[in-house]
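The opening position of the sequence shown corresponds to residue 1 in full-length UniProt numbering, with each subsequent residue numbered one higher.
In this text, a Cβ means the ideal position worked out from N, Cα and C, and glycines have one as well.
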Amino acid sequence: MPCISRSISILLPMVLMCGHVLGQGDSPQFDGLLEPLHDIELAASEVGVVAYVGVKIGDRVREGQVIARLNDESQRLSVAIAKQSAATRGAILAAEAEYNLHLNRTEQMRQLRQEDYIRPDELKRAEADLEIAANRWLQAKEEASLRQEELKRAENQLRRQTIIAPIDGVIAKTYRQPGEYVSPGDPVIARLISTDQLIAVVNVPTRYLSLAKTGNQATVFTTTPRQSITGTILTVSPMIDGESGTIQVRVSLNLKSSSCLAGDRCTVAFSQAKAELQIGRSNAPSNSRRQ
Numbered sequence: 001m002p003c004i005s006r007s008i009s010i011l012l013p014m015v016l017m018c019g020h021v022l023g024q025g026d027s028p029q030f031d032g033l034l035e036p037l038h039d040i041e042l043a044a045s046e047v048g049v050v051a052y053v054g055v056k057i058g059d060r061v062r063e064g065q066v067i068a069r070l071n072d073e074s075q076r077l078s079v080a081i082a083k084q085s086a087a088t089r090g091a092i093l094a095a096e097a098e099y100n101l102h103l104n105r106t107e108q109m110r111q112l113r114q115e116d117y118i119r120p121d122e123l124k125r126a127e128a129d130l131e132i133a134a135n136r137w138l139q140a141k142e143e144a145s146l147r148q149e150e151l152k153r154a155e156n157q158l159r160r161q162t163i164i165a166p167i168d169g170v171i172a173k174t175y176r177q178p179g180e181y182v183s184p185g186d187p188v189i190a191r192l193i194s195t196d197q198l199i200a201v202v203n204v205p206t207r208y209l210s211l212a213k214t215g216n217q218a219t220v221f222t223t224t225p226r227q228s229i230t231g232t233i234l235t236v237s238p239m240i241d242g243e244s245g246t247i248q249v250r251v252s253l254n255l256k257s258s259s260c261l262a263g264d265r266c267t268v269a270f271s272q273a274k275a276e277l278q279i280g281r282s283n284a285p286s287n288s289r290r291q
């Protein structure tokens, strides 16, 4: 009898737990946090002194909006010089004129050679001068093309002095003010989050993994304000956290008519319909057993 009582005391909690997971109308719930789908630290591509910061905490920005700009006086000067250099065409025109001159002279020399008025070496000399002139013209055009590339590089370096918002969102934090230096080890200017696209992040024990399938529906209960929102499981981590024995699940929320804030605590309940169906099929007797 003592053995039977001890066995019952061990099995009873397990039965109750299974009833909580698979009971009709009772879904397991997991605590988590609301996080923005996009959380971006906007960093400068170059080192330098901050000349302009055009946002503050709480500002809503649009994709492509200027967030900040480094001191770009030297880059602007480089662009101006590169533009002037790229616009010069004197070398090309001179080389073209020289080529046409030698071309006409060579054609005349060939005609004179046919009439035997000049020696063969004189024609060869004229043809060599024509080839040299052609190469000089080609070199002038290549140098002009190189100047165009130098202009593009200067313009690119100028653009890199400006920090642009890559998405629509809200400024969550600013790290720099005008006059501060941006170093390679600490290039972050501001933090940008997408408040209109939130996700609920929860850690789910592995024994409930059958409930968390990508694409399945889930219900998210928020605290500020208190409301329930339908969501869709966005991702399920392929790795188990060794310390907690859980897997991270991210649920995307439909926020068209809600006012949730990132960082708010939440509770996530997963739908059990599909999980119960899978478990029921796995427990059904096979045809071989029926026979």
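message: I need the straight-line Cα distance from ASN135 to LEU101, nearest angstrom please.
response: Residue numbering aside, residue 135 sits at position 135 when the sequence shown is read from its first letter. Residue numbering aside, residue 101 sits at position 101 when the sequence shown is read from its first letter. Using only the alpha carbons, I get a separation of about 14 angstroms.
Tell me the DSSP bridge mates of CYS266?
-> Here residue 266 is taken as the residue at index 266 of the sequence shown, counted from 1. In DSSP, CYS266 forms a bridge with GLY32, THR222.
| message | Quick check: the Cα distance between ILE233 and ARG265, rounded to an integer number of angstroms? | response | Looking up residue 233 in the sequence shown gives position 233. Looking up residue 265 in the sequence shown gives position 265. ILE233 and ARG265: Cα-Cα distance of roughly 18 angstroms.
Practice task
May I have the straight-line CA-CA distance separating GLN157 from ILE67, to the nearest angstrom?
Solution key: Here residue 157 refers to the residue found at position 157 of the sequence shown. Here residue 67 refers to the residue found at position 67 of the sequence shown. Looking at the two C-alpha atoms, the distance is approximately 17 angstroms.
> Rounded to whole angstroms, how far is the Cβ of VAL268 from the Cβ of VAL220, which I believe are closer than 8 angstroms?
Replying inline: Against the sequence shown, residue 268 aligns to sequence position 268. Against the sequence shown, residue 220 aligns to sequence position 220. Their Cβ separation, rounded to whole angstroms, is 5 angstroms, which keeps VAL268 and VAL220 in contact under 8 angstroms.
### Query
ASN71: which of ARG226, TYR181, VAL170 sits nearest, CA to CA?
If you number the sequence shown from 1, residue 71 lands on position 71. For the residues ARG226, TYR181, VAL170, the minimum Cα distance to ASN71 belongs to TYR181.
Discussion item. Measuring CB atoms only, is the stretch 158-169 touching the stretch 53-69, in the sense that at least three cross pairs come out at less than 8 angstroms?
Written reply: yes
Item to complete: Give me the Cβ distance between ALA91 and GLU131, rounded to the nearest whole Å; I'm assuming they're in contact under 8 angstroms.
Response: Here the question's residue 91 lines up with position 91 in the sequence shown. Here the question's residue 131 lines up with position 131 in the sequence shown. 19 angstroms between Cβ atoms; not a contact.
Item checked: SER271 to PRO187 span [Cα, whole Å] -> Looking up residue 271 in the sequence shown gives position 271. Looking up residue 187 in the sequence shown gives position 187. Their backbone Cα atoms lie some 44 angstroms apart in a straight line.
### Query
Using the C-alpha atoms, what's the distance from ASN216 back to GLY32?
Residue mapping note: residue 32 aligns to position 32 of the sequence shown, counting from 1. Residue mapping note: residue 216 aligns to position 216 of the sequence shown, counting from 1. If I take the Cα positions, the gap works out to 18 angstroms.
Worksheet item: How should GLN278 be labelled, buried or exposed, when 16 other C-beta atoms within 10 angstroms of its C-beta is the threshold for buried?
Response: Numbered from 1 along the sequence shown, position 278 holds the residue referred to as residue 278. Unreliable placement is indicated for GLN278, whose pLDDT of 42 sits below 50; the coordinate value is still reported in the next sentence. By the neighbour-count rule (16 or more Cβ atoms within 10 Å), GLN278 is not buried but exposed.
Problem - Paired residues, beta bridge with ARG191 - DSSP - result: Against the sequence shown, residue 191 aligns to sequence position 191. ARG191 pairs with GLU41, LYS173.
query: Hey, how far is the Cα of VAL21 from the Cα of TYR208?
result: Taking the sequence shown and counting its residues from 1, one reaches residue 21 at position 21. Taking the sequence shown and counting its residues from 1, one reaches residue 208 at position 208. Model confidence at VAL21 stands at a pLDDT of 40, short of 50, so the residue's coordinates are unreliable; what they give is reported in the following sentence. Each residue's alpha carbon lies about 8 angstroms from the other.
Problem set entry | 6 angstroms CB neighbourhood of ALA154 in its chain, flanking five on each side removed | Locating residue 154 in the sequence shown gives position 154, where the first residue counts as 1. If we look at ALA154 and ignore the five residues flanking it on each side, its Cβ neighbours are SER78, VAL79, ALA82.
query: How should SER5 be labelled, buried or exposed, when 16 other C-beta atoms within 10 angstroms of its C-beta is the threshold for buried?
result: The residue labelled residue 5 in the question sits at position 5 within the sequence shown. Bear in mind that the predicted position of SER5 carries a pLDDT of just 44, short of 50, making it too unreliable to give a figure here.
Does the count of Cβ pairs from the stretch 248-263 and the stretch 190-197 closer than 8 angstroms reach three?
yes
| message | Taking only three categories from DSSP, how would you classify VAL78? | response | Reading the sequence shown from its first residue, position 78 is the one you call residue 78. For the sequence presented, residue 78 should be read as Ser rather than Val. Helix, per DSSP.
Exercise for the section: Output yes or no for whether 8 angstroms exceeds the beta carbon distance between ILE163 and ILE189. Expected result: In the sequence shown, the residue the question calls residue 163 occupies position 163. In the sequence shown, the residue the question calls residue 189 occupies position 189. For ILE163 and ILE189, yes; Cβs fall inside 8 angstroms.
request  = Please report the Cβ distance between ASN203 and GLY231, rounded to the nearest whole angstrom; I am assuming they are in contact, meaning their Cβ atoms lie under 8 angstroms.
outcome  = Residue numbering aside, residue 203 sits at position 203 when the sequence shown is read from its first letter. Residue numbering aside, residue 231 sits at position 231 when the sequence shown is read from its first letter. With a Cβ gap of about 16 angstroms, ASN203 and GLY231 do not count as contacting.
* To do: Can you grab the Cα-Cα spacing for the pair PRO120 / GLN114, in whole Å?
  => Sequence index remark: in the sequence shown, residue 120 carries index 120 (1-based). Sequence index remark: in the sequence shown, residue 114 carries index 114 (1-based). Rounded to the nearest angstrom, the two C-alpha atoms are 10 angstroms apart.
C-alpha gap between LYS213 and GLY185, whole angstroms: Start at 1 with the first residue of the sequence shown, and residue 213 comes out as number 213. Start at 1 with the first residue of the sequence shown, and residue 185 comes out as number 185. Computed Cα separation, rounded: 40 angstroms.
query = Which parts of the stretch 112-178 are runs of the beta strand (DSSP E), unbroken and 3 residues or longer, counting only runs that do not cross its ends?
reply = 162-164, 169-174
* **SER271 in three-state terms, based on DSSP** => By 1-based counting over the sequence shown, the position of residue 271 is 271. Coil at SER271, not helix or strand.
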